[in-house]
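Written out below as structure tokens is the structure these notes cover.
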Amino acid sequence: MQNINSKDLLLSVLPSDDVLSQCIHCGMCLATCPTYEMTKLERSSPRGRIKMIKSVASGEMEISKIFAEEMDFCLDCQACETACPAGVKYGSIVEAARVVVEKSGYGKPLGRSIKYLALKIIIPNKFLLKVAARLLRLYQRSGLQKFLHKSGIFKRLAPKLSEIDLLSPTVSTRFSDNHFQESYPSSISSKCKTAFLTGCLMNVMFDEINSDTVDVLKMLNCDIIIPNEQVCCGSLNEHNGDFDTARKLAKKNIDVFGKYDFDFLITNSSGCGAFMKEYGHILKNDPEYSEKAKIFSTKVKDIMEFLADIGIEQKFKSLNDSVTYHDACHLVHTQKIYTEPRKVLQSIPEISFTELEESAWCCGSAGIYNITHYDDSMKILERKMNNIRKSNSRIVLAGNPGCIAQLKYGAKKFKVDVEVMHPISFVKKSLNQ
Amino acid sequence: MNNQLKEKIKSIVGSKNYFDSVEDKLSYSYDATAIYNQMPEAVVFPDNEEQISKILKLANEELFNIVPRGSGTGLSGGSIPVENSLVIVMARWNNIIEIDCKNLTATVQPGVITGQLQREVEKLGLFYPPDPGSLNVCTIGGNVANNAGGLRGLKYGVTKNYVLGTEMILPNGELLKTGGKNYKDTAGYNLRDFIIGSEGTLGVITKVLLKLIPMPSKFITLIAYFDKLSDSARAVADIIFAHITPSMLEFLDNTTINCVEDFTKIGLPRNVDAILLIEVDGRGSSVDEDAETIKNILKKDGASYVHSAETNSEAFKLKSARRSAFSALARKRPTTILEDATVPRSELPIMIEKITEASKKFDVTFGNFGHAGDGNLHPTCLTDERDKTEIIKALKAFDFIFNEAIKLGGTITGEHGTGLSKKEFLEQAVGIPALDMMKKIKQSIDENNILNPGKIFTMSPRCEGALPERREQIKDFVY
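Residue numbers (this note's numbering), protein chains in the order written: chain A, 13 to 445; chain B, 34 to 512.
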């Protein structure tokens, strides 16, 4: 273990001392916490974790193995923030604790090396990410993946890794930034000026969703700007305690997008949207960027939030289909976007929309949680898939790439006959061309 | 507790159900009560009655203390560990064993979440009315142990009105069964009612038989704004005087309204003095008639706005907003000391004034809300436990409020229980003979005083002379 003073370090990364004292341990969070639900142990609950963090911050307790495990066990789904009447910012507290865990040397070695490689090296670097994606695509397309799984070799060599391998989404045939133009001016006088974030993983793994998003914006006669120089939003780094890289990426995006004139920055990935809305907050003490970041953040809109705001009811054709909607944590809990997607979807004529039971309960994807905590993630996913089955819908919509990959895997694993889609793809299908 | 003893406990429950790390001790050192906390020696999750029985026997042999716990949402410190204690968590005992639609009863394990039971019985057209603010988190076992109330207490009563029977492991390890599915039962002393509200000082509850009633078919939810606090109190009195019993008659003052609105953002007015939230339920047209009469009373008494919820979801939002009041008040200051002084309903306007007076006299901020219809108020002091001088002032303010409540013929706690936070006032509230009888009963059932000792009352001989000052008693926790 490295010899660090965890108390001082924790205090230095916490937004303020007051965020800890705001928790009155009333327990309202317990009912919404997927990890407390699994163990019924206070230390796996939001108020229990806050109590432990408080104890480290006051010097009463040192960072320990259990402390590290519980911080890591948390999905950071932030359902507890939605439930908390006192307004405790749990997400920022647990993320600060993770920074300290990371530096203390108590983090899980596997998780740590995956995180280090993926988050610090590959994802922030567009070139490397594309190289990695191409390699993965080669592996997926060449028949090697199929062979390893069909023959049972993979399962025998590394049973867990073989499951995780199936979790990873298929790499897109083409990458968004390779075929998007820098700008798509609207042919008629434009209703609004938008910019679009292609995202890091969205760019290489979910090009269809990116294309659908741009197509819908085009159909709505929006001006669209897609700067080629844009980078990953930095959210994955932030959530895993790498604040420095996150800020570097945020500044880069502020600079890149700052060169253009637009009113809304559209994103179709809930994690990116949630984090870019925080740029103003995380850079508030940066003399050069604080003002720019604040303005930048106010322009960020999730695509469904944007559609609900501008109103597209008139443009829908009838679509006789049954759908249900899963609330991605970073939409519903972090950005508080709940009614907007429902409003848009329910305005499609003849649609049969069923409210999903426990729609705002995490699906277990949670960044790379399904890799680092495969077994726990599957328990959470099973609950979600059972609810999806009960909804009797042909399609389930989810506004986040992580959720989409997880739900697709869940449909196969738990044999639920449902198609998983991003709401924007469904909207595109429902629009009069 | 030495290691040898810890090993013995571990061998009873199995190592997977035994926890004694610092992290676990810390995360079981609190419940929802402000200020108090203490770490236990260990925490166990027993699998069955036999294990609980063995632990209690061992506690008598080795003389350590037992603190039973559900979800830990209590507001009087009832499940906060005491010295040399083992916490027995019943949260995993969460099965609904039976819903008997012929006898209208439910048999449940103590860890069943109250709100979850309600949803299950409502699917069958049945109704379990007790609804504490924390109903989505709290357990039936905890509700029984504290005789929990809730928003619907005015018309439907509290937990004790719905308990038909209990099963409990006694300190000597025996299983005590009380009550049953009979609606009438006069065989011997009524032990069942005596267990209700015993706050874990007499045994560990392992099963509860509950009474259910048919679900009302119609609900009307009303909300009224008042520019004057006293007008709202008069409206409450007038509604009761008009012989209408709403299922809910809730009051929120301006401070509470603002905190709740910050959390829920449902459009509550920020500049009115008080809100009344009222629900009438039942069958057929009588519900509409009652709602009409109430509306007229509200207007006559000076409500500036009266509205009836148009959809179920609107009504649900209003009620959820009210339920969040206690925790939402923490938005103002980090420590919220909530009490539940209760007075006869006719004295409610005076009690509301007394709380305002306490706030001025001791220079502390109060948020006030509560079950106005049944005289059960929740004056909540908004403070900061890091500021010791202010905490002392807050405690003095509560001393004043409790004394005033008792003078008005009221009680120190309507629905939270006595626990740690109100035990100094018990003698004043119930009188010496009653307190002596309670202690004798406790003594005869729990000879070695191993079950949740120091809660409700202290077993040491009664003080002669003046009662000890509450703030002196509390100083061990504050400093």
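Cβ atoms here follow ideal geometry from the backbone N, Cα and C, with glycine treated the same way. Here the structure is a predicted model, which means the values were calculated and not measured.
- In chain order, MET40 and ALA43 make up the part of chain A whose C-beta sits under 8 Å from the C-beta of ASN169 of chain B.
- LYS402 of chain A and HIS434 of chain A have their C-alpha atoms some 20 Å from each other.
- The criterion of a C-beta distance shorter than 7 Å is satisfied by GLY452 of chain B and SER109 of chain B.
- Along the segment 52 to 64 of chain B, going in chain order, the ones with a CB nearer than 8 Å to a CB of chain A are PHE52, SER54, VAL55, GLU56, ASP57, LEU59, SER60, TYR61, SER62, TYR63 and ASP64.
- For the pair GLU431 of chain A and ILE407 of chain A, the CB atoms are nearer than the 7 Å cut-off.
- No Cβ of chain A is located within less than 7 Å of the beta carbon of ALA438 of chain B.
- Taken through DSSP and simplified to helix, strand or coil, GLY443 of chain B comes out as coil.
- Comparing C-alpha distances from LEU301 of chain B to each of B:ASP286, B:VAL170, B:GLU312 and B:ASP314 shows the shortest one belongs to B:ASP286.
- The continuous stretches of alpha helix (DSSP H) do not include GLY406 of chain B, and DSSP gives it neither H nor E.
- THR278 of chain B carries a coil assignment under DSSP once its states are collapsed to helix, strand and coil.
- Collapsing the DSSP output to three states places CYS35 of chain A in coil.
- Within the segment 67 to 81 of chain A, contact with chain B at the beta-carbon level (separation under 7 Å) is assigned to SER67, MET73, SER76, ILE78 and PHE79.
- Under the 10 Å beta carbon count, ASP256 of chain A is surrounded by fewer than 16 other beta carbons and is classified as exposed.
- Relative to ILE113 of chain B, the option among B:ASN194, B:TYR69 and B:LEU168 whose CA is nearest is B:TYR69.
- In this structure, ILE360 of chain A sits near SER442 of chain A, with a CB-CB distance shorter than 7 Å.
- Assignment of HIS449 of chain B by DSSP, reduced to helix, strand and coil, places it in the coil class.
- Taking a C-beta distance under 7 Å as the contact criterion, GLU312 of chain B and THR234 of chain B do not qualify as a contact pair.
- Only buried fits GLY283 of chain A, as 16 or more other CB atoms lie within 10 angstroms of its CB.
- In the assembly as shown, ARG366 of chain B is a buried residue. Its beta-carbon has 16 or more other beta-carbons within 10 Å.
- DSSP, reduced to helix, strand and coil, places GLU200 of chain B within a strand of the structure shown.
- For the segment 94 to 124 of chain A, residues whose beta-carbon sits nearer than 9 Å to a beta-carbon of chain B comprise ALA95, CYS96, PRO97, ALA98, GLY99 and VAL100.
- Proximity of chain A to ARG364 of chain B at the Cβ level (cut-off 9 Å) is accounted for by GLN34, PRO97, ALA98 and GLY99, in chain order.
- Taking 4 residues as the shortest admissible run, the segment 363 to 443 of chain A contains the following complete alpha helix (DSSP H) segments, listed from N- to C-terminal end: 381 to 384, 386 to 402, 413 to 425 and 435 to 442.
- Neighbourhood of ALA124 of chain B in chain A, by CB distance below 7 Å: LYS52, in chain order.
- In terms of Cα proximity to GLU303 of chain A, the closest of A:ASP339, A:LYS263, A:VAL25 and A:ASP333 is A:LYS263.
- Considering only beta carbons, the part of the segment 369 to 389 of chain B lying closer than 8 Å to chain A consists of THR369, in chain order.
- Three or more beta-carbon pairs drawn from the segment 248 to 262 of chain B and the segment 332 to 339 of chain B are found closer than 8 Å, and the two stretches are therefore classed as touching.
- In the DSSP secondary-structure assignment, PHE328 of chain A is bridged to A:LEU443.
- Taking 7 Å as the CB threshold, MET64 of chain A lines the interface with chain B.
- If you compare the alpha carbons of B:LEU159, B:ILE383 and B:TYR216 with that of PRO249 of chain B, the shortest gap goes to B:LEU159.
- DSSP places THR140 of chain B inside the beta strand (DSSP E), whose first and last residues are 138 to 141.
- For THR444 of chain B, the CB contacts under 6 Å within the same chain, skipping 5 residues up- and downstream, are THR375 and ALA462 in chain order.
- Non-local beta-carbon contacts of TYR151 of chain A in its own chain, meaning distances under 7 Å to residues more than five positions away in sequence, involve GLN157 in chain order.
- Counting only the Cα atoms, ASP407 of chain B lies some 9 Å from MET281 of chain B.
- Chain-order list of chain B residues neighbouring HIS37 of chain A: TYR63 and ALA65, by C-beta distance under 7 Å.
- Looking at the backbone, the Cα of PHE166 of chain A and that of THR192 of chain B are separated by about 57 Å.
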